[in-house]
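Enquirer: Residue numbers (this note's numbering), protein chains in the order written: chain A, 62 to 537; chain B, 34 to 197. A virtual CB, placed ideally from N, CA and C, is assigned to each residue, including glycine. What follows is a single structure, and I will ask about it in a moment.
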Amino acid sequence: MSSSVPEHVRVTRTRREFIRDSFCGFGSIALAAMLHQQQARAGVFNPLATRASHHAAKAKAVIFLFMAGGPSHLETFDPKPLLNQLHGQPRPKEFGEAKYQFVKSDAKLLGSKRTFARYGKSGIEVSDLFPHLSSCVDQLAVIRSCYGDMVVHSAAQYELFTGRIVPGYPSMGSWITYGLGSESDSLPAYVVMPDPKGALEAGQPMYSNGFLPAVFQPTMFRPGDRPVLNLDLPEGVTLAQRRRTLDLIRDLNRATLGPADEEFNARINAYDLAFKMQTESPKVFDVSREPQETLDLYGIGTQPTHDYGRRCLLARKLVESGVRFVCVVAGGGPGNMQWDAHNDIEENHLRKAAETDQPVAGLLKDLQRRGMLDSTLVVWGGEFGRSPEAESGKGRDHHNLGFTMWMAGGGIKGGQVVGATDAIGLRAIENPVHFRDLHTTILHQLGLAQSQLTYPHLGRNERLTFVEGQVISQIV
Amino acid sequence: MLVSSGQLNPKVGGPSVMVPVDRELVRLLYKPAQWEVARDGAEHHRRSIYLIAKRNLRLPFMEAFDQPALLTSCGRRESSTHAPQALEMLNGKLSNELAEAFAQRLEKEARGEHGLIVERGYWLALGRAPTFRERSLAIDFLSAQPLKEFTLALFNLNGFLYVQ
């Protein structure tokens with residue numbers, strides 16, 4: 062260090078030595094406490110190193126199949142014969158009140174045109190929207206009694222991902238990466254694959270790391286063959302040239318590196334990891350090398366399943382390579398390009414189901430035959446369901462009081478139904494499951510306890526769940 | 034990086050600046066048309082305090098280096114070290130453009146002489162002279178590699194990234 066330049070203290074180094082050496086050695090006790098706290102804050106050293114879970118884990122990765130916009134439970138997994146009988150009539154008083162974005166209290170009930178049948182050994186009812194998925198029903202834990210607190214997209218999406226109805230809090234993917242680290246040393250630990258059709262109302266904050274350190278941010282995949290930002294070399298630079306530049310950086314750093322400086326080491330490691338990501342990840346992102354049989358299984362190469370099929374296959378490949386949390390978004394941009402069927406429930410859901418049914422089933426089957434399903438937790442659902450009452454004649458409005466999500470794999474006991482809604486599908490009345498209970502269950506399968514996975518922020522030890530949630534004991 | 038390469042626009046005050054970002058990121062906005070890049074290129078090289086702070090489109094460079102999320106209060110800035118930062122510095126547009134500008138500046142000021150280039154580069158970027166070992170490593174590098182890769186390497190040294 063040049064003596065003519067005023068020495069600005071580099072906090073992580075000098076403060077440590079100062080405290081350690083001061084106060085006749087009592088400083089070292091304080092130092093140990095500080096280091097412990099620093100490590101509790103996922104430290105500076107390698108925040109992505111694999112960490113032990115709190116209790117025995119069944120799953121080591123999560124794939125969240127996010128049906129954006131709010132898929133109707135009444136058209137998919139929750140048959141309501143009474144609703145069809147009462148079609149065209151106002152909602153009977155005994156079912157109570159509900160709050161909607163558009164539908165008024167004098168609205169008429171809308172029967173469902175879908176046919177339901179029982180499938181598999183478990184005999185769970187699935188609608189004719191999902192011919193492929195219905196063959197996988199024995200692996201699904203269908204939760205018919207989900208409910209949330211908000212009836213508008215952004216707030217409900219924040220609650221689904223972060224446990225709060227306002228933006229700014231870390232998403233479950235970030236919490237999980239914070240809790241468990243990454244198993245891959247050449248891929249980002251937390252990936253979101255948005256729908257190419259556009260962004261969602263809640264925007265980036267629902268996926269984001271919030272107040273958790275930036276290292277737990279999601280990597281947003283872009284459509285096309287080069288999904289990760291900045292993974293490409295700039296124009297005119299070859300890989301060989303870049304390797305030599307990296308070697309220079311390493312050599313020049315080492316020429317001045319102090320022996321026990323961990324932050325410096327961490328930064329050097331970050332460069333090595335970055336180079337690895339550049340050279341090794343293209344293999345994972347390249348879907349074209351898979352056998353034709355696999356491409357056919359997911360519906361890749363045919364319409365309308367190509368896009369979602371491709372992204373589901375990518376999800377499997379990412380998890381196979383050690384990625385912790387992958388969110389594959391079905392629906393983006395305008396409401397009708399999501400599951401947000403305000404105007405015509407039939408047209409919208411027939412289209413969205415056609416795009417996603419085969420890919421989702423393909424993913425489950427592929428995970429199963431590769432022996433990955435037991436360690437990969439798959440979650441399907443949206444930020445709410447849809448109203449039993451009609452909107453604009455043939456549509457359904459947002460509906461948060463009772464709707465369906467399902468979980469599979471990751472140690473979940475499939476082939477069963479959890480909870481139930483009332484006779485017209487308005488409200489979850491039996492074994493209601495809030496998003497916080499879903500979160501608690503997801504964490505539980507990964508071996509994490511909601512009360513131990515905390516992060517100090519603004520004077521509080523924050524956690525994923527706002528109000529404490531319960532594990533859905535029936536399915537774990 | 035702006036100062037070293039001589040690109041910093043020291044203008045003070047005025048409305049916030051929207052800088053060019055990757056098209057894919059703008060498409061993630063619910064209304065992509067609202068991202069109107071400042072037409073005067075010189076505006077892009079002002080201090081980062083003048084860049085627009087948009088909660089739904091965080092500039093990748095700022096986000097990678099722990100800019101707070103702008104949604105809740107930030108009592109204390111995080112200071113993390115991770116691979117996306119390395120990727121941003123190595124492959125990102127900003128660092129590569131400024132490395133190119135820095136290379137041109139060094140070319141002009143040191144009149145192409147490698148020893149002088151290394152000396153001047155170290156003073157501008159790291160605020161000190163290179164050691165004997167650093168100088169020889171760098172001159173070796175420059176004998177075979179483009180100057181712009183050297184200036185990019187300077188931007189990625191611990192001595193540049195950390196205040197000592």
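Enumerate in chain order the residues of its own chain whose CB-to-CB distance from residue 483 of chain A is below 7 angstroms, with the five nearest sequence positions on each side excluded.
Expert: On the first sequence, residue 483 of chain A is found 422 positions in, with the first residue counted as 1. Taking residue 483 of chain A as the centre and dropping the five residues before and after it, the same chain places the C-beta of 156, 490 closer than 7 angstroms to its C-beta, in chain order.
Enquirer: For a test of the three-state rule: what should DSSP assign to residue 86 of chain B, helix, strand or coil?
Expert: To locate residue 86 of chain B, count along the second sequence from 1; it is residue 53. In the structure shown, residue 86 of chain B sits in coil (DSSP, three-state: anything other than H, G, I, E or B).
Enquirer: Comparing C-alpha positions only, which one of A:131, A:160, A:495 sits nearest to residue 262 of chain A?
Expert: Residue 262 of chain A sits at position 201 when you count from the first residue of the first sequence. Answer by Cα proximity: A:131.
Enquirer: By alpha-carbon positions, which one of B:136, B:143, B:39 ends up nearest to residue 179 of chain B?
Expert: The sequence position of residue 179 of chain B within the second sequence is 146, counting from 1. Residue B:136 is the option with its Cα nearest to residue 179 of chain B.
Enquirer: List, in chain order, every chain B residue whose beta-carbon is nearer than 8 angstroms to that of residue 218 of chain A.
Expert: The residue labelled residue 218 of chain A in the question sits at position 157 within the first sequence. The contact set of residue 218 of chain A on chain B, defined by CB atoms closer than 8 angstroms, is empty, because the minimum CB distance reaches about 12 angstroms.
Enquirer: Give me the Cβ distance between residue 485 of chain A and residue 536 of chain A, rounded to the nearest whole Å; I'm assuming they're in contact under 8 angstroms.
Expert: Within the first sequence, the letter at position 424 stands for residue 485 of chain A. Within the first sequence, the letter at position 475 stands for residue 536 of chain A. With 8 angstroms as the limit, residue 485 of chain A and residue 536 of chain A do not qualify as a contact, their Cβ atoms being about 25 angstroms apart.
Enquirer: Contact criterion: CB-CB distance below 8 angstroms. Does residue 397 of chain A meet it with respect to chain B?
Expert: Here residue 397 of chain A refers to the residue found at position 336 when the first sequence is read from its first residue. Output row for residue 397 of chain A: interface = no.
Enquirer: Terminal residues of the continuous alpha helix (DSSP H) containing residue 60 of chain B?
Expert: On the second sequence, position 27 is the one that residue 60 of chain B refers to. Note, residue 60 of chain B: alpha helix (DSSP H), 56 to 60.
Enquirer: With 16 other CB atoms within 10 Å as the buried threshold, where does residue 182 of chain B fall?
Expert: Along the second sequence, one-based indexing puts residue 182 of chain B at 149. Result: buried.
Enquirer: Should residue 409 of chain A be listed as close to the ligand PLP, given that the test is whether its C-beta is under 7 angstroms from any heavy atom?
Expert: For the structure depicted, the ligand PLP is absent and the ligand set is empty, with no information on it obtainable.
Enquirer: So the candidates are A:223, A:466, A:438, A:149; which of them puts its Cα closest to the Cα of residue 167 of chain A?
Expert: Taking the first sequence and counting its residues from 1, the one referred to as residue 167 of chain A is at position 106. Nearest of A:223, A:466, A:438, A:149 to residue 167 of chain A, Cα basis: A:149.
Enquirer: Suppose contacts are defined by Cβ-Cβ distances below 8 angstroms. Is residue 93 of chain B in contact with residue 145 of chain B by that definition?
Expert: Taking the second sequence and counting its residues from 1, the one referred to as residue 93 of chain B is at position 60. Taking the second sequence and counting its residues from 1, the one referred to as residue 145 of chain B is at position 112. It is not a contact, given that the beta carbons lie outside the stated cut-off.
Enquirer: Pick from B:46, B:140, B:162, B:196: whose alpha carbon is nearest that of residue 5 of chain B?
Expert: For residue 5 of chain B there is no data in the structure shown, the boundaries of chain B being 34 and 197.
Enquirer: Please look up how many angstroms separate the CB atoms of residue 416 of chain A and residue 451 of chain A, rounded, as I've assumed it's under 8 angstroms.
Expert: Looking up residue 416 of chain A in the first sequence gives position 355. Looking up residue 451 of chain A in the first sequence gives position 390. Actually they do not touch by this definition, with Cβ atoms about 24 angstroms apart.
Enquirer: Looking at the structure shown, is residue 248 of chain A part of a helix, part of a strand, or coil, going by DSSP?
Expert: Within the first sequence, the letter at position 187 stands for residue 248 of chain A. Residue state, collapsed to three classes: coil.
Enquirer: Could you tell me whether the Cβ of residue 515 of chain A comes closer than 8 angstroms to any Cβ of chain B?
Expert: Residue numbering aside, residue 515 of chain A sits at position 454 when the first sequence is read from its first letter. Not closer than 8 angstroms to any Cβ of chain B, the Cβ of residue 515 of chain A fails to qualify, so no.
Enquirer: Under 8 angstroms, do residue 348 of chain A and residue 375 of chain A count as touching if we go by C-beta distance?
Expert: Within the first sequence, numbered from 1, the residue matching residue 348 of chain A stands at position 287. Within the first sequence, numbered from 1, the residue matching residue 375 of chain A stands at position 314. In this structure, the beta-carbon distance from residue 348 of chain A to residue 375 of chain A falls below 8 angstroms.
Enquirer: Does the Cβ-Cβ distance between residue 328 of chain A and residue 191 of chain B come in under 8 angstroms?
Expert: Start at 1 with the first residue of the first sequence, and residue 328 of chain A comes out as number 267. Start at 1 with the first residue of the second sequence, and residue 191 of chain B comes out as number 158. For residue 328 of chain A and residue 191 of chain B, yes; Cβs fall inside 8 angstroms.
Enquirer: Looking at C-beta atoms only, is the number of pairs between the region 415 to 432 of chain A and the region 370 to 385 of chain A that lie closer than 8 angstroms three or more?
Expert: The region 415 to 432 of chain A, when compared against the region 370 to 385 of chain A, does touch it at the 8 angstroms Cβ threshold.
Enquirer: Can you find the residues in the same chain that come closer than 6 angstroms, C-beta to C-beta, to residue 254 of chain A, ignoring five residues on each side of it along the sequence?
Expert: Position 193 of the first sequence holds residue 254 of chain A. Excluding positions up to five away in sequence, the list reads 282, 372, 389.
Enquirer: Tell me the DSSP secondary structure of residue 386 of chain A in three-state form.
Expert: Residue numbering aside, residue 386 of chain A sits at position 325 when the first sequence is read from its first letter. Reduced to three states, the DSSP call for residue 386 of chain A is strand.
Enquirer: Report, in whole angstroms, the separation of the C-beta atoms of residue 185 of chain B and residue 132 of chain B, which I expect to be a contact under 8 angstroms.
Expert: Sequence index remark: in the second sequence, residue 185 of chain B carries index 152 (1-based). Sequence index remark: in the second sequence, residue 132 of chain B carries index 99 (1-based). Right, their Cβ atoms sit about 4 angstroms apart.
Enquirer: Within the region 404 to 461 of chain A, note down every full beta strand (DSSP E) run reaching 3 residues or more, in order along the chain.
Expert: 437 to 442, 446 to 452, 456 to 460
Enquirer: Identify whether residue 151 of chain A lies in helix, strand or coil by the three-state DSSP scheme.
Expert: Taking the first residue of the first sequence as 1, we reach residue 151 of chain A at position 90. In this structure, residue 151 of chain A counts as strand in the three-state DSSP scheme.
Enquirer: State the beta-bridge partners of residue 367 of chain A as determined by DSSP.
Expert: Here residue 367 of chain A corresponds to residue number 306 of the first sequence, with the count starting at 1. Within the DSSP secondary-structure output, residue 367 of chain A pairs in no beta bridge.
Enquirer: Below 7 angstroms on C-beta distance, what does residue 144 of chain B contact in chain A?
Expert: Indexing the second sequence from 1 puts residue 144 of chain B at position 111. The premise fails here: residue 144 of chain B is roughly 23 angstroms from chain A at the closest Cβ pair, so nothing lies under 7 angstroms.
Enquirer: So, residue 530 of chain A versus residue 204 of chain A, is the Cβ gap smaller than 8 angstroms?
Expert: Mapped onto the first sequence, residue 530 of chain A falls at position 469. Mapped onto the first sequence, residue 204 of chain A falls at position 143. No, they are not a contact pair.
Enquirer: Give the DSSP-derived three-state secondary structure of residue 542 of chain A in the structure shown.
Expert: Given that chain A is displayed from residue 62 to residue 537, the structure contains no residue 542 of chain A and the question cannot be resolved.
Enquirer: I'd like to know if residue 223 of chain A contacts chain B, where contact means its C-beta is closer than 8 angstroms to some C-beta of that chain.
Expert: Position 162 of the first sequence holds residue 223 of chain A. No, its Cβ sits nowhere closer than 8 angstroms to a Cβ of chain B.
Enquirer: Could you tell me whether any Cβ in chain B is nearer than 8 angstroms to the Cβ of residue 226 of chain A?
Expert: As a working note, residue 226 of chain A is residue 165 in the first sequence. Chain B contact via Cβ: absent.
Enquirer: Using the Cα positions of residue 454 of chain A and residue 172 of chain A, report the straight-line distance between them to the nearest angstrom.
Expert: Sequence index remark: in the first sequence, residue 454 of chain A carries index 393 (1-based). Sequence index remark: in the first sequence, residue 172 of chain A carries index 111 (1-based). The straight-line gap from Cα to Cα measures roughly 11 angstroms.
Enquirer: Can you tell me the Cα-Cα spacing of residue 140 of chain B and residue 48 of chain B, whole angstroms?
Expert: In the second sequence, counting from the first residue as 1, residue 140 of chain B sits at position 107. In the second sequence, counting from the first residue as 1, residue 48 of chain B sits at position 15. Cα to Cα, residue 140 of chain B sits roughly 35 angstroms from residue 48 of chain B.
Enquirer: Is residue 523 of chain A close to chain B, meaning its C-beta is less than 8 angstroms from at least one C-beta of that chain?
Expert: As a position in the first sequence, residue 523 of chain A is number 462, starting the count at 1. No, its Cβ sits nowhere closer than 8 angstroms to a Cβ of chain B.
Enquirer: Work out the CA separation of residue 160 of chain A and residue 195 of chain B for me, nearest whole Å.
Expert: Taking the first residue of the second sequence as 1, we reach residue 195 of chain B at position 162. Taking the first residue of the first sequence as 1, we reach residue 160 of chain A at position 99. Distance between the alpha carbons of residue 195 of chain B and residue 160 of chain A: 54 angstroms.
Enquirer: List, in order along the chain, the chain B residues whose C-beta lies closer than 9 angstroms to that of residue 293 of chain A?
Expert: For the purposes of this step, residue 293 of chain A is identified with residue 232 of the first sequence, where counting begins at 1. 124, listed in chain order.
Enquirer: Report the residue from A:506, A:520, A:153 whose alpha carbon sits nearest the alpha carbon of residue 117 of chain A.
Expert: As a working note, residue 117 of chain A is residue 56 in the first sequence. Here the closest residue by C-alpha is A:506.
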